[in-house]
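Below is one structure, written out as structure tokens; comments come after it.
Residue numbers (our numbering): 8 to 140.
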């Protein structure tokens, strides 16, 4: 009986030792896994923060793009209006130039007529005949 008891006790101590070693081994593995889990969570949090920042930048970019597109459309409209006004002003300038040339031509014709009248009047006063050119 003593030998059975000693065997049993030896077996119990061996099992206890094995269990202690397994608990120690599992504790180390758990600590390592916890460290890895913490590192993964930290990396995930950093990626989530980066993703939120990227999403916010994308929203800002979309708002800016919409604002610039609106501004471009407004400026495009103003440009078209300016082109129309320029064409109108050029047409007015051309008409004014033609009117000025017509007035200049009429004034020249009037001067020529006035010269003829002056020549006739002088001829009538002086009795000298008009020389035909």
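By construction, the Cβ of each residue, glycine as well, lies at the ideal position given by its N, Cα and C atoms.
A quick note: this is a predicted structure, and the numbers were derived from the prediction, not measured.
Can you give me the C-alpha to C-alpha distance between residue i and residue j, rounded to a whole angstrom?
i           : j           : result
residue 73  : residue 62  : 16 Å
residue 129 : residue 111 : 26 Å
residue 40  : residue 33  : 10 Å
residue 102 : residue 108 : 10 Å
residue 95  : residue 89  : 10 Å
Could you pull out every residue in the same chain whose Cβ sits closer than 7 Å to the Cβ of residue i, ignoring the five residues on either side in sequence?
i          : result
residue 15 : none
residue 76 : none
In chain order, what residues of the same chain have a beta carbon less than 6 Å from the beta carbon of residue i, not counting five sequence neighbours either side?
i           : result
residue 58  : none
residue 116 : none
With a CB to CB cut of under 8 Å and the five nearest residues on each side skipped, what residues in its chain are close to residue i?
i          : result
residue 97 : none
Every unbroken alpha helix (DSSP H) within the segment 95-120, with a cutoff of 4 residues, ordered by chain: Listed in chain order, the alpha helix (DSSP H) elements of length 4 or more contained wholly in the segment 95-120 amount to none.
Completely contained alpha helix (DSSP H) runs for the segment 12-73, where each covers 4 or more residues: Those alpha helix (DSSP H) runs which fall completely within the segment 12-73 and span 4+ residues do not exist here.
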